[in-house]
Every structure is written in C-alpha cells, then in structure tokens.
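First comes the structure, then the notes that go with it.
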Amino acid sequence: MIRYLQGRLLALILVLALMSVIVFSFVHLIPGDPVVAILGTEVDQATQQSLRHAMGLDRPLLQQYALWVGGALRGNLGESVRTHQPVSAILGQKLPVTLELTAAAMAVGVCIALPAGVLAAVRRNSAIDLGAMGLALGGVSIPSFWLGVMLILLFSLHWRLFPAIGYVPVARDPADALRHMVLPAVTLGLGLAGALTRMVRSDVLEELGREYVRTARAKGLTFARVIARHILRNALLPTLTVLGVQVSVLLGGAVITEQIFAWPGVGQLIVQAVQSRDYPVLQGGILIVAVLAAVVQLLVDLAYAVMNPRIRFG
Amino acid sequence: MKSKRFLRHRLGMAGAVVVAVMLLAAAGAPLWRTQDPLAMQMSQALEPPTPRHWFGTDEFGRDVWSRVVYGTRLSITVGLASMLLATAAGVPLGAAAGYAGGTFDALAMRCMDAILAFPGLLLAIGLVAALGLGTGSGIIAIGVVYVPVFARVTRGAVLVRRGEEYVEAARALGQTDFAILRRHVLPNCVAPILVQATLGFASAIVIDAGLSFLGAGTPPPAPDWGTMLNEARQFMVAAPHVAVFPGLAISLAVLGFNLLGDGLRDALDPRL
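Chains as they are written, first to last, in our numbering: chain G, 1 to 314; chain Z, 1001 to 1272.
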C-alpha cells in the first residue's frame, strides 16, 4: 500500500507541475504583447511598462515561471489587473461557493442514480429500466446550459416554485439558501445522474449473476437484504472510480451553471476574467479548480485501493 | 460481420439516422432554410412559431428555423475540425510513445495526464482566452483537450500489437519502425480511434456551444446554437421558443453522436 501511495503521489506531483506549465502558458499564448491585450492601445508607455513589470513580463521566461510557481506554492497568485485585489483572496471567497454547488450537485446525482440504477437492473427490460435508461441518455445528452434555462422557464417563471437566479449563504437563511440551491444543483447534477445510472445498472447486473447471490438467497435472506448487504457493496466499487472522474466534470460544468444562475463562485469569476482580460485571475481560477480536481481524483483512487485489496497488492 | 452487427444495433442505427439528418441539414442548408438566417425584420421580432416562421423569430426578427439549420453547419465544422486536429496530433504521439516505450513514453503520457486532469471546458476556456475569442480558437482549444484521448487509445492499441508475431516477422524482414507502425500496427487501431472520434464529436459540439453560451465562442451575428441560446435568455418570459429550439438541436446532435459512438463500439469491439 505504501509503495502504491508513493507511486501515485509522485505521479500527481509531476502532473501538477505540468499543469502549472499549461496554465502559465496562457499569458504567453496571447498573440502579440499581453500588456497591450490587457490594457488596449490607448494607454501611455509608462502605464504599460508598470503593468509589464508588475506581472513580471519584463523578465526572462524561465525566471517568470519560477517566480509564478514559487508564489503559487506560497499561496500568492498575483493580483487582479482590474481590481488590484490579491487573486488568492478573491479565490478564498469564491471557492467555497463553488464547492457548495458541486457538493449539492453530487448529492442530487447520487440520490437519483443509485435507486434508478438498482431498480433498472433488478427489473431489467421493464418499463422502469426503459425509463431509467431514457433518463440516463437524456442526462448525458442535454447540455447543462439548456437544461438550466428550461428549468428556470418552468419552475421559476411559469410555476414560480423556486427563485430563478441568485445565491444566499446557508449561514444567513438556511431555508432560503436551499430554495436558491435547488435549480442550480439539479442542472449540474442531472448529467452526473445520467452517467452514474448507467454505471450502477451495469455493475448491479453483473453482480446479480454471481454465485454468492444465489447462496445468500438460499440461506433465506430477502432479496432486498441481499441487494443492500451484498450486491451494492461489490457493485459500488467501480461506480466510485467513475465518481472521481465526475468531480472534474462537475467542477468544469459549474462554470456554466454559475453563469446561468448568477452564482458567485469561481466559475463566474473565470468567465468575468475572460471578458475583462484579467489574466492573473483567469490563471489563478483555472489552476485552483484543476488542482482540486486532480487531488480529488487521487483521493478517490486511494479510497478505491483501500477498499479493494486487488489494487492495493497488485 | 461487423456491419451486420451494427445494423442490428437499434440505438446505434437511431444515432446514425440523427447524424445523417444533421449532415444533410448542414450540406443543404441553403435548400432547407426558409429565410436568410441573418436578415433582420424588427417589425416581426419575437414572433411565436407560425406557418411562415416554423420556429418563430428572435429579438431581431430573424427566422429561428433558418438559424438553427445554418447552426448545424457551424457545429459540424467545429466537431470535424477539432477531431481531425486531435487525431492528427494524438495518434502519432500515442503510436510513437507506445512503440518506443521508456522515458519518451513516460514523459509523453504524463503530459497527456496533465491535459486530461483539467476539466475539459475549463482548459478550453483558458486556451480560447489566450488565443483570442472566436470559432478558430474554439476548434484549436477543443482539439488540444482531445489530444490525450487519442494518444492514450492509440498507445494502448499499439502496446497490444507490438508483441504480435506479424510485427516480429516484419522486423525480421528488415522493415523500418515507421513502416511497421504504418503498415502493420496502425491499421489495427482504426476501430477504437473511430469510436473515440464519434464520441468526441458529441463533446466537441457541447464544448463549442458552451463556449459560445459564455460569450467566448463564435461571435454574433453568426447562427451558432450556443450564442442563440445565450441571447434568448433575456427574452425568456416573452418568447420562450427562442431558447427552446437551439437547445433541442444541440441535445439531438449530442444524443445522435453518442448513440452512434456506442453502437460503433459495440459493433467494432464487442469486448469493450
């Protein structure tokens, strides 16, 4: 296990280093002078020079990268070229809001996929199975930006059940926070529900045919108990690995969901940074979300290894 | 045998039909359109669907049906160009890595891991922000996001074939590495690459529409599905139809390519 852990950690560090190179290169891929791209051509030489110096663009490339990564490791991601706030301080405010949405979406996805997947497998080829598979196909095919718009159209403009946009912190008013959370969480979570339902269904189907299921039934356990105690334990392991990949998908999808529902998280921040050409904020936002996705992926893989000795000792 | 298996795959065939309809719509867009997709008629703004405007009109009085039909062209172009770009870079890279092995393989694959570790849309946004907003940047960005997918698939397939006897035989006959790769190894990788390209096509359409929806893709007034949907949000109360049809088109296109990809996978490689 220790050797497995060492190997994975080393690979993660290498991947994180390469990711930082990619994010660093965003500024240097800009055709022409990045300073002109940010400030426009209307400003005088002195202002250009001062921004160039502030962003470190007047140094050799390798030194720029070393300074940027060194700063990032110490929690310093530079400052916004628009508001002059430190990027890490802005991210500190925005990240929890995005994580709240991601966690809620994951809860929605799992709460739909687990029962739907199990029922579809147990009642294979029935109307329930067909319905669950239809939902799964729809979940992965309907883009979140359309789903979100349609949900607003139906549930807030037509039936007036939930607020259309906005974010309320849980600490201020838990009930209102929940009402604001429903539509964004469903918008983001339904894609996950689709992907997971297919996975749960096929994993449960595979387990249903095993010998131990027959043994458990033969010793008098009810079918529900066999599913809950035996099948789910085995079937959920592969599903767990999918969940790790899906965290990355959710974090990416949050960018669009936040934009639809005016949710003040990292996603909205990134989109605003694109529009205002605020590259330090853009780089910081993308880096933090990508690092988070990579770390969660590792944690999920480790959890999988802990629960599955075949990987641990393999 | 394989084509028979695909023809019997009902969902895969349904996908093939949807994709065929899309291709027809894109190729014959000037034939199917009822109006000029860019022609504005402010006096007819936000009209609901009528026999004259099948999908109604948008806030500038443009015909939504004609815009959706022309949007197919943009989506197909972006999907095709980005997948071509991704295969052109990913396949040689994956083949070289799998065939050479060692340090080059390890290094190349860690680079691919790093690209894969990003949420796809996020990396695309970053690249588009750097390269400049627009359709061309979107194609490059989506292509880059998909390079690792093709590199990995090709590498995996090459690793499997590398030890086969016919490869040994070709080497014994004195063929160069490049010739062996090209003549004996790569033709066997076509099936998994084709499957990934079809599924990738679906993602490319979603990412492209997503970029446009965020205002980072194809700029107005071009009839891009994502841009249309984004603009329609402001008029949702007065004219919900303007948001409904482009979204339906995206969903149908994505569904079509996903079903086709699944069907191809089942038909070409039943082990997966």
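Idealized CB from N, CA, C, for every residue including glycine. Being a predicted model, the structure only gives us computed values, none of them experimental.
Roughly how many angstroms separate the alpha carbons of residue i and residue j, rounded to a whole number?
i               : j               : result
T241 (chain G)  : V1019 (chain Z) : 31 Å
T1057 (chain Z) : H1241 (chain Z) : 9 Å
L188 (chain G)  : A1141 (chain Z) : 23 Å
R266 (chain G)  : G1174 (chain Z) : First, the residue type needs correcting, since residue 266 (chain G) is Val and not Arg in the sequence shown. Rounded to the nearest angstrom, the two C-alpha atoms are 57 Å apart.
L1272 (chain Z) : M1013 (chain Z) : Residue placement at L1272 (chain Z) is poorly supported in this model, since its pLDDT is 47, which falls under 50; the coordinates still yield a value, given next. Roughly 19 Å separates the two Cα atoms.
S1212 (chain Z) : M1109 (chain Z) : 31 Å
A193 (chain G)  : G117 (chain G)  : 9 Å
P1048 (chain Z) : F1245 (chain Z) : 12 Å
V289 (chain G)  : G252 (chain G)  : 8 Å
W159 (chain G)  : L153 (chain G)  : 9 Å
R1152 (chain Z) : P1037 (chain Z) : 41 Å
H1184 (chain Z) : Y1099 (chain Z) : 12 Å
Q49 (chain G)   : N76 (chain G)   : 22 Å
Q297 (chain G)  : L287 (chain G)  : 15 Å
V255 (chain G)  : G166 (chain G)  : 15 Å
A1238 (chain Z) : V1064 (chain Z) : 15 Å
L282 (chain G)  : G1143 (chain Z) : 21 Å
Y65 (chain G)   : F1118 (chain Z) : 19 Å
G1210 (chain Z) : V271 (chain G)  : 12 Å
P238 (chain G)  : D301 (chain G)  : 10 Å
F1235 (chain Z) : M1228 (chain Z) : 11 Å
T1198 (chain Z) : F1006 (chain Z) : 14 Å
V1145 (chain Z) : G1079 (chain Z) : 13 Å
P280 (chain G)  : L1122 (chain Z) : 15 Å
A107 (chain G)  : L147 (chain G)  : 18 Å
G71 (chain G)   : S88 (chain G)   : 11 Å
G209 (chain G)  : L1084 (chain Z) : 42 Å
D1224 (chain Z) : F145 (chain G)  : 14 Å
Q45 (chain G)   : A262 (chain G)  : 37 Å
Could you list which residues in chain G have their beta carbon closer than 7 Å to that of residue i, in chain order?
i               : result
A1113 (chain Z) : Before going on, a small fix: residue 1113 (chain Z) reads as Asp here, not Ala. The answer, in chain order, is V15.
I1250 (chain Z) : P143, W146
V1237 (chain Z) : L157
L962 (chain Z)  : Missing from the structure shown is residue 962 (chain Z); chain Z here goes from 1001 to 1272 and no further.
Are the C-beta atoms of residue i and some chain G residue less than 8 Å apart?
i               : result
L1272 (chain Z) : Per-residue confidence for L1272 (chain Z) stands at a pLDDT of 47, beneath the threshold of 50, marking its modelled position as unreliable; no derived number is given.
V1206 (chain Z) : yes
P1240 (chain Z) : yes
F1118 (chain Z) : yes
G1090 (chain Z) : no
R1183 (chain Z) : no
G1247 (chain Z) : yes
R1233 (chain Z) : yes
N1258 (chain Z) : yes
R1110 (chain Z) : yes
Taking 8 Å as the CB-CB cut-off, is residue i touching chain Z?
i              : result
S88 (chain G)  : no
V149 (chain G) : yes
A193 (chain G) : no
P31 (chain G)  : yes
S248 (chain G) : yes
V23 (chain G)  : yes
M55 (chain G)  : no
M19 (chain G)  : yes
V289 (chain G) : yes
L137 (chain G) : yes
Can you check which of these residues, the options, is closest to residue i by C-alpha distance?
i               : options                            : result
S1075 (chain Z) : Z:A1025, Z:L1159, Z:P1048          : Z:A1025
G1256 (chain Z) : G:A303, G:I142, G:L101, G:V15      : G:I142
G1226 (chain Z) : Z:P1148, Z:P1187, Z:Y1099, Z:I1205 : Z:I1205
T102 (chain G)  : G:M133, G:V200, G:S248             : G:S248
A235 (chain G)  : G:A37, G:R225, G:M199              : G:M199
L1127 (chain Z) : Z:T1176, Z:D1063, Z:S1137          : Z:S1137
P149 (chain G)  : G:L183, G:L130, G:A127             : The sequence shown places Val at residue 149 (chain G), not Pro. The option with the nearest alpha carbon to V149 (chain G) is G:L183.
L318 (chain G)  : G:T98, G:A216, G:A164              : Given a span of 1 to 314 for chain G in the structure shown, any question on residue 318 (chain G) remains unanswerable.
T1087 (chain Z) : Z:N1258, Z:A1222, Z:R1155, Z:N1230 : Z:R1155
Taking Cβ-Cβ distances shorter than 9 Å, what residues in chain G pair up with residue i?
i               : result
A1209 (chain Z) : P143, F145, W146
V1254 (chain Z) : V140, S141, I142, P143
For residue i, go through chain G and note every residue whose CB falls closer than 8 Å to its CB, in chain order.
i               : result
L1214 (chain Z) : V255, I256, Q259, V271, V274
A1243 (chain Z) : W146, V149, M150, L153
Can you name the residues of chain Z whose CB is closer than 7 Å to the CB of residue i?
i              : result
G75 (chain G)  : In chain order: nothing, as chain Z lies at least about 21 Å away.
A105 (chain G) : By Cβ distance, chain Z contributes nothing, its closest Cβ being about 13 Å from A105 (chain G), past 7 Å.
I286 (chain G) : L1122, G1126
G252 (chain G) : P1119, G1120, L1121, L1122
A294 (chain G) : A1117
L282 (chain G) : G1126, A1129
Closer than 9 Å by beta-carbon distance: list the chain Z residues that pair up with residue i, in chain order.
i             : result
F26 (chain G) : G1126, L1127, A1129, A1130
Contained alpha helix (DSSP H) runs [length at least 4] in the stretch 96-158 of chain G, N- to C-terminal order
127-141, 144-151
Taking the runs of the alpha helix (DSSP H) that are 4 residues or longer, which of them lie wholly in the stretch 1207-1269 of chain Z?
1225-1232, 1241-1268
Whole beta strand (DSSP E) runs in the stretch 249-296 of chain G with 3 or more residues, listed along the chain?
none
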